[in-house]
Every structure is written in structure tokens, then in C-alpha cells.
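As C-alpha cells, the structure follows; a few thoughts come after it.
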Amino acid sequence: MWRYLVAPALVVFACISDANAVCVSPTSSPSLYDKLVQWRSGDNTTITIDLEQGTYPISINFDQRGPGENTCCDSYGHNANLVMRGGYKPGTGCDPTQRSKDAGLTILDGGGAGGQFYLWINGAATVTGLTFENFQNVNGVTFFGLTGGSPTLQVDHVLGIANETMLFQASTTTVQDVLVTAQPPSAQAALNIVATDQYATATHLTIVANGGYGLSIANQFGGNIPASIFNSIFYNNTAGDIVGYDASDNNNVRVYSSIAVISGNSNDFTYIPPGQVVNVLATDPVLQNYRPYALSPGMSPAINLGTTAVVGGEPSTDIEGNPRIAGGAPDAGAYESSVTFYHTYEVTSAADNGDNASPSPNSLRAAIASAKADAAGQLVPKTYRIAFNLPAPSGCPPLLIMSTGNPHPFPDIDFDLTVDATTQPGWAANTTFHGFDAVLCVGLNGGDVIPTAFHTIVNGIHAGRLSLFGMKLGGFTDAAVKLEGGNGHLIHGNQIGNVGVGILGSHAANNDGVRITGTTGASFVGAFDDPSTRNMITNNTSAGVRIDSFIDSKAAGSYIVNNLIGLGSDGATPVANGGGIAINGTPRNVIEYNTIAASTAAGLTISGANAQFNVVQYNMIGVPETGSTVVANGTQGVVVNLGAANNTIGAQRNSTMGGNTIAATGQDVYISTTGGVGNLVKANELAFTSALPIDLGAPGITPNDALDGDSGPNHLQNFPVILHAYRTKTAEWIEGTLNSFAGDAFGLDFYFNSCCSGPYAYDLYLGHDSTGITDASGNVHFWARLPPIDSATPLAAIVAAVSSASGDTSEMSAAASESGDMVFRDDFQLH
29 MWRYLVAPAL VVFACISDAN AVCVSPTSSP SLYDKLVQWR SGDNTTITID
79 LEQGTYPISI NFDQRGPGEN TCCDSYGHNA NLVMRGGYKP GTGCDPTQRS
129 KDAGLTILDG GGAGGQFYLW INGAATVTGL TFENFQNVNG VTFFGLTGGS
179 PTLQVDHVLG IANETMLFQA STTTVQDVLV TAQPPSAQAA LNIVATDQYA
229 TATHLTIVAN GGYGLSIANQ FGGNIPASIF NSIFYNNTAG DIVGYDASDN
279 NNVRVYSSIA VISGNSNDFT YIPPGQVVNV LATDPVLQNY RPYALSPGMS
329 PAINLGTTAV VGGEPSTDIE GNPRIAGGAP DAGAYESSVT FYHTYEVTSA
379 ADNGDNASPS PNSLRAAIAS AKADAAGQLV PKTYRIAFNL PAPSGCPPLL
429 IMSTGNPHPF PDIDFDLTVD ATTQPGWAAN TTFHGFDAVL CVGLNGGDVI
479 PTAFHTIVNG IHAGRLSLFG MKLGGFTDAA VKLEGGNGHL IHGNQIGNVG
529 VGILGSHAAN NDGVRITGTT GASFVGAFDD PSTRNMITNN TSAGVRIDSF
579 IDSKAAGSYI VNNLIGLGSD GATPVANGGG IAINGTPRNV IEYNTIAAST
629 AAGLTISGAN AQFNVVQYNM IGVPETGSTV VANGTQGVVV NLGAANNTIG
679 AQRNSTMGGN TIAATGQDVY ISTTGGVGNL VKANELAFTS ALPIDLGAPG
729 ITPNDALDGD SGPNHLQNFP VILHAYRTKT AEWIEGTLNS FAGDAFGLDF
779 YFNSCCSGPY AYDLYLGHDS TGITDASGNV HFWARLPPID SATPLAAIVA
829 AVSSASGDTS EMSAAASESG DMVFRDDFQL H
């Protein structure tokens, strides 16, 4: 009935094989230069160049589009994929078992003035395990691709030394484990990272001691999707540390868990508002040769500063090939130290007396109080960890009951704390994205009298940062987890609500499961790729996840990713929250890959004038992960109200990727009478019952009006009128008209409506086309050609919605029945 949209990865790299791999040494024939000539003129294949350790003098300027094709707008040309991998031990024939990922062992040397390594790429490219040095032509080191040309560029384990600049640009650009230093004074940034169409993500950079700017990162055409920087170090770059921008001028460049020395230079964070810079320390880090090795344990703030919740995934090794995580969290920068947590406390007692001043010995309360007291005396922030070794006959002990005779919450968290219940004997990780099969052995019971289990705050210059792994939480009257201060929190692998069994008794529900409030942002509830990070959030009386934090309109929001919300461990049985996810007055959150079902109210609510630029993609809302019984949310699937504007529900404007599957007892997506404008609803699969799948304003059909002159939510955008729909073996042909405001280009989205498959029949997404531009009277006549529908599928009906250039999506058109006969179409012209 629907397509399963949850996938484990946000960024998908092109599949690159080793079919044409060749081993190259500094003295071999064919040489590195020869193989790049072959790549330049190749088509529809992959050239893999494996380089033995050593130094390769080289200077090139190769345009893969070929001779005579070097204009900006050519759509043809060569497009062979390229893989360049260094680090192979000499004399082994590039045996992969004899390869080191240490970037410093394989050096491409440009020779100084005039040296350049410039490749215009049309295919996918991977560059790994290399040093680029002394390329001092104005182009420096450049891998350059445009929208629709290079689908992906992946750069990892790369050293850049004394180059004029380094530029990595492609449709999707991912850069990991990179050190850039000693660039001469220049107007260009030492490292430039650009995504022309999708994502730009930089992880574990060390950008230090350069004569110009440090890093420039940009998402040129990606709209609300951010360009993101994770776990990095920026230091002593003469012109400023980071420059960031996106084409829509939303300044949607985000910096997470990084270090920069803020020297008073006004260019340190050019075009990045302060609210976008998360967990950046305004202190001089202790660095030795740009490595975060401590003079003594805990001295460097780079140690264990990082987050594993990285868009595109955390790399497994550092720039030298060492294991990336030593301790509970990765270090900031390209190098990983061997230093673990500053201090680990072990919980061996389930007792709790409710007294934060004199807690029960060896209890969880005692561990939090001890870590808090130690953190308060540190000049440089430290990272603390709590592990568990509770006695129990079968490995998993009873849940920990917080004292109801002396009902006090645990001490507020104003320091960096990891509560790691995965350390308890008997724990097992969740292994599936189709339910929740984790074995969780440690939990907390608030007895319906204690407000929170864990509460982070800001205390002067100190802010809490919580990593919570592998716990059960029930019976809390405010929120089981309340993040009211700090950023970069990680809530992974927990069961929040519906834990009223055994010793926990009837105390199953919390008020809110997780609440992100105050000035908190840039946090992860769940994470990408890894099923062990998935949370099951059920049976909370208010919201499963509530986000009502606010710093300013440019502040980085949070990621709610890959959670099971409102369903039991089988991924099908309703265990309702009052609402699934509620975003109140908070911008720039990313809601992706979740299942949100069975809520008493709406699955997702986006409210308030400050709730802008939220992105909702790849979710299953109102449908199960297993079985076929619909578990719709009680009112609407998604509600946008109280002035919320410029949000994206489904694909971005110029894309068809990112759609959600949505079912509800009412409207699937309701931009209410109080909703704002610019809310884009695109490429989703939408159930239809008696309510409209997409509804604007007052419930029910809002009639079209001449020149779209009315106002209201999404400007009450007029919907298209489908005149005819024809099915052929090669295409689906759709003819229609639109009347709206004059002189604008509109995008059309088409859906297949099966009409007759029960109360939750689906509008299945077919594709996107452009109407053309409306004339002075606001009219346009369109023919759309879409990929063919399977001939085995019975003829049914086609519906459509239209979106204006500003993102206002209309209601659905009336359905037009398909025909298989194009002989008598209206004008007998070729289409």
C-alpha cells in the first residue's frame, strides 16, 4: 500500500568499483599523469589509481569535459568516475592488506610557484590517503564539479601543506580527516568546501596557521539543507577562521563540537551568526603539532569534545589511520589522542535517598553529584562518564526507583556528562530499523512526582552537555529528559515511556519524553546510519519529543532522526503519545527517518512565527514498520499553524528526494487557518480518507480565485486543473491548466490515485514537472511527461499539487481519470 521510506543513510555515495584499478609508483609507467589523462578522456567507467608511498612531482590542469567542451553550459562530455588512493607499501603491487591510511606517506608535490592540481570533474570522485603540498598557482588544489555533473566528491585522510588554496566542489561534498596548514597570505581560504546541489559536510578538520582565511564552506543551491562542520579545530588563521554561506541567504551553515580560538578578529566567523556556532570554545587549546594530545590527561579541550552524530557518518580512523574514538567520544580535529574520559564513575548500587548533598553511596545520584563537584573546580572543561555494574541475578537488574519519600530530582547538569547504561552486564543494542529489539537493563522511575530524570542547564559560563545511552525512563511529570542548556546533546538507544512493568508498576508515562528547550540547539535524538542509536519513545501523555528552544532566527536547530515514536517494539502495536513531535517557535530542525504513529493528536506539529526552515523528510507518519494495519495519528499527520512559515515537508523545491509517507484520520498535511506562508509540501505519499491530503485554511476545498488574489496560509495558493491523463508504454502524459498570479514559474507534483483501495488508499508520488511561466492574465497551459506506470496496474486517476517559486504549495487538484487512448487528445500535436 505504501513504499517503505526509512533508510539508514542520509548521504549516499556513488558506487565506485575497482574494475580499472592500476598500481602506480613515483617511477612507474604508466605514471600518475598518464592515468589522469586516461580518466580525462574516459566515459561511463571508473578509473582507480592506487599510489605507492613516496613523492610524486606533478602539475596538471585537466578538464574532464574534453577539448572544445569547456563552456559553462555544456551538458555533454566525459564523465568517468575517479578514485585516487594513497598509502600502499612500495613493492607490494598495491596489496590492500599492505596499505596505511596515514596521509603523510604519499605526497603529491606541485613544486612551488605555478604548480597546480586542477581537475574539472563530471563523475563521482574519491580522494583518500594523500598529501598535497606546494601547489602555489592561483588554482592550487582544485576538484571542481557543478550541479548535475559530479554526483559526489568524497575527500578523506588528506594533508594540505603550503598550497595557495584547496577547493573541493561537487553536487554533494563530504570532507573528513583533513589538515590544512602553512598557506601563504592570500585572499582565498586555505580550504574551500562547496556543495552545488545537496549537502556539504566537513568532519574532523584541523585548519591552522594559514596566511588567509581558514575554511570557507557553502551550500550554493541547497535551500534549507545545511552545510555542516563537525568535530574540528580552527586556529591562528590570519584573516579569520571560518567563512560560511548558502545561496538562499539563510546563513544555514552549522558548526558542531569544534574549537576555534576567538581572537577578536571580526572575520573569525564571517556570515555565520553566533547561534550557529555550537560548542566552540573561546580558549586557547593545548595543541602539540596540531594534535590534541594532552600534556597530562584532560588538559586539551579537544579531547573527547566531538560528537558521533555526524551527517554522513563518523570516520573510523583519524588522518594517520589510528582508531578514531579513544574514550567515549571522538576528539576534535584530524588527529585522535589516546586519552579517554577525564573521570569515570561506576554505579554499583540501586539505592536512592533523594539527597543531593549526601547521596546514597555508589548510586547514580552520587555519581552525578561527584562529577558535578569535580567539574566546577576545573579551569578547562572536562568530559565525565558514568558506567553501571549493578548486581542482579540475571544480568538485568530492577529499574532504579528514585526516592518518593524525599522526592528531589538529580543535580542539574552544567558540565559534559555521558551516562552510559550500555555498560551494564546483559545490555544488548537495537539491531533493526523495523521495531526495537534492544535489551535495556538500567532504568529510572520518577514515581509520577519527580519532574525530570536528567536536566541540563546553563550556569554562568558553564553549559551542560548530556550523552545518554541505553536507559529506560518512566514516571516523570515534566520531561524524562529536559535539555534546557548547552548544545550537542546525544540521546541514543533509549526507551522513553511505556516502561510500567515489574517494579516500575503503573509509572509508565512521562509528560514529555524528550524536551529541547531554553537556549538548547544542535542536538541529536537518534542518529543516522546506526540502529543502536534509535530511541523508542512511547506512551508519553503530551509529546514524544517537544522542541521549544530559541536563540535567534539563525540558530542551529536539532536533529530528530531514526526514532520509533508511538509504536511498540514490534514496530506495529500502538502505544500512543499525546502527540508525536511538537516544534514550537524553533527554527532549522531536521526531522528525518522517524516512524511517528498512533498519536492521540497530530503526528508532527510545527507552530509559531519563529518555527521556520524546519525540514521533514523520509519519515513514516501514521503507518507501521511491520505489517499492513494503518496506525494513523489521531487528528492530522502534520499540522503547520500559528504563523509557522518556510518549512519543507518532503523534497526540496528542485528535487524529488525526501518524501514522507503520511496517513491520518484527518488531513495528512494541514496548513491551518493560522499557518504561515512558504510551506513546501512535495514528493510525499499521502493517504486519502474523507479529508483532503493537503489542506489550506478552513477544512475542505478552498476554491480557486482569479489571479490568486486571496490571502491566508500559503497565500491560499490556487491548485492546478488536470484536463487529461494518458497512459502509454513509454510515458504518462498529463495535460492541464493553472491560473495564479502573473509572471511566475510554478512546479507541479503529480500523484497516482488508486481511488478504490479502502479508507487509506494512497496518492503515490509520480514525479515533478514545470508548468512554464504564467502570462499576464495568470494563466498557463501545460503538458507534463512522466515515467510510465507499470502496465499491470489498472487505470485509475491522477491528481496534482502546485508550488510557487516562494514555496507555497496548493491543495490537491480534482482527480482526472486515466485513459490509454491518445488518438483523440485535444490538439493532435506531438508531445
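In this note's numbering, each residue carries its 1-based index in the sequence shown increased by 28. Where a beta carbon is used, it is the ideal one built from N, C-alpha and C, also for glycine. Nothing here was measured: the structure is a model prediction, and the numbers come from that model.
Practice task
Please report how far the alpha carbon of Ala337 lies from the alpha carbon of Ser768, in whole angstroms.
Solution key: 43 Å
Handout entry: Proximity to Gly454 [Cα-Cα], best of Leu714, Gly334, Val470
Key = Val470
Practice task
Express the C-alpha separation of Ala360 and Pro85 in angstroms, rounding to a whole number.
Solution key: 32 Å
Problem - Contact set for Arg543: own chain, Cβ-Cβ below 6 Å, skip 5 residues either direction - result: Ala507, Lys510, Arg574
Handout entry: Best match in Asn487, Ile690, Thr193, Met430 for proximity to Phe443 [C-alpha to C-alpha]
Key = Asn487
Exercise for the section: Please determine, among Thr170, Leu592, Ala550, the residue with the shortest C-alpha to C-alpha distance to Ser627. Expected result: Leu592
Handout entry: Residues bridged to His520 [DSSP beta-bridge criterion]
Key = Phe497
Exercise for the section: Using three-state DSSP, classify Ala133 as helix, strand or coil. Expected result: Per the sequence presented here, residue 133 reads as Leu, with Ala not at that position. Leu133: helix per DSSP, three-state reduction.
Problem - Touch test, the region 411-420 against the region 460-467, Cβ-Cβ under 8 Å, three pairs minimum - result: no
Exercise for the section: Apply the 10 Å Cβ neighbour rule to Pro437 and answer buried if 16 or more other Cβ atoms are within range, or exposed otherwise. Expected result: buried
Practice task
Give, in chain order, every unbroken run of the beta strand (DSSP E) that is at least 3 residues long and sits entirely within the region 360-401.
Solution key: 371-375
Practice task
Report the residue ranges of all beta strand (DSSP E) runs contained in full by the region 600-639; include only those spanning at least 3 residues, in chain order.
Solution key: 607-612, 618-620, 632-635
Problem - Whole-angstrom C-beta distance between Gly665 and Pro678, which should lie under 8 Å - result: Looking at the sequence provided, one finds Gly at residue 678 rather than Pro. Contact doesn't hold; Cβ gap of about 12 Å is too wide.
Practice task
Taking 8 Å as the cut-off, decide whether the C-beta atoms of Pro652 and Val659 are in contact.
Solution key: yes
Problem - Outcome for Gln211 when other beta-carbon atoms lying within 10 angstroms are tallied against a minimum of 16 - result: buried
Practice task
Determine contact between the region 391-407 and the region 346-366, defined as no fewer than three beta-carbon pairs at a distance below 8 Å.
Solution key: no
Practice task
Identify whether Trp455 lies in helix, strand or coil by the three-state DSSP scheme.
Solution key: coil
Handout entry: Residue from Thr561, Gly596, Lys582, Ser560 whose Cα sits closest to the Cα of Asn568
Key = Gly596
Exercise for the section: Spell out the partners DSSP gives Asn487 in its beta bridges. Expected result: His490
Practice task
Identify every run of the alpha helix (DSSP H) within the region 736-787, keeping only runs that are complete inside it and at least 4 residues long; order them along the chain.
Solution key: none
Exercise for the section: Measure the C-alpha to C-alpha separation of Ser718 and Gly546 and round it to an integer number of angstroms. Expected result: 40 Å
Problem - Phe774 and Leu814 closer than 8 Å at C-beta - result: no
Exercise for the section: For His809, collect the residues of the same chain with a Cβ closer than 6 Å to its Cβ; drop the 5 residues on either side in sequence, then sort them by chain order. Expected result: Thr765
Handout entry: Bounding residues of the beta strand (DSSP E) (the contiguous stretch that carries Tyr241)
Key = 241-247
Practice task
Evaluate Asp849 with the Cβ neighbour count: other Cβ atoms within 10 Å of its Cβ, from every protein chain shown; 16 or more gives buried, anything less gives exposed.
Solution key: exposed
Exercise for the section: Report the rounded CA-to-CA distance for Ser388 versus Gly521, giving the unit in angstroms. Expected result: 27 Å
Handout entry: Per-residue DSSP class, three states only, for Tyr412
Key = strand
Practice task
Measure the beta-carbon distance from Ile441 to Thr484 and round it to whole angstroms, keeping in mind my assumption that it falls under 8 Å.
Solution key: 5 Å
Handout entry: Same chain, Cβ closer than 6 Å to Glu80, neighbours up to 5 away in sequence not counted
Key = Ser53, Tyr116, Pro118
Practice task
Inspect the beta-carbon positions of Ala842 and Thr802 and report whether they are closer than 8 Å.
Solution key: no
Exercise for the section: With DSSP collapsed to three states, give me the class of Val305. Expected result: For Val305, the predicted structure reports a pLDDT of 40, less than 50, and the residue's modelled location is therefore unreliable. A value from the coordinates is still provided. Looking at Val305 - three-state DSSP - the assignment turns out to be strand.
Problem - Nearest to Asn612 (by Cα), restricted to the options Asn675, Trp761, Asn622, Asp598 - result: Asn675
Practice task
May I ask you to verify whether the region 819-830 touches the region 691-706, counting CB pairs closer than 8 Å and requiring at least 3?
Solution key: no
Problem - Burial state of Val141, where buried means 16 or more other Cβ atoms lie within 10 Å - result: Strictly speaking, residue 141 in this sequence is Ala, with Val absent from that position. Flag for Ala141 reads exposed.
Handout entry: Test item: CB-CB of Met840 and Ile722 under 8 Å
Key = yes
Problem - As assigned by DSSP and simplified to three states, the class of Gln126 - result: helix
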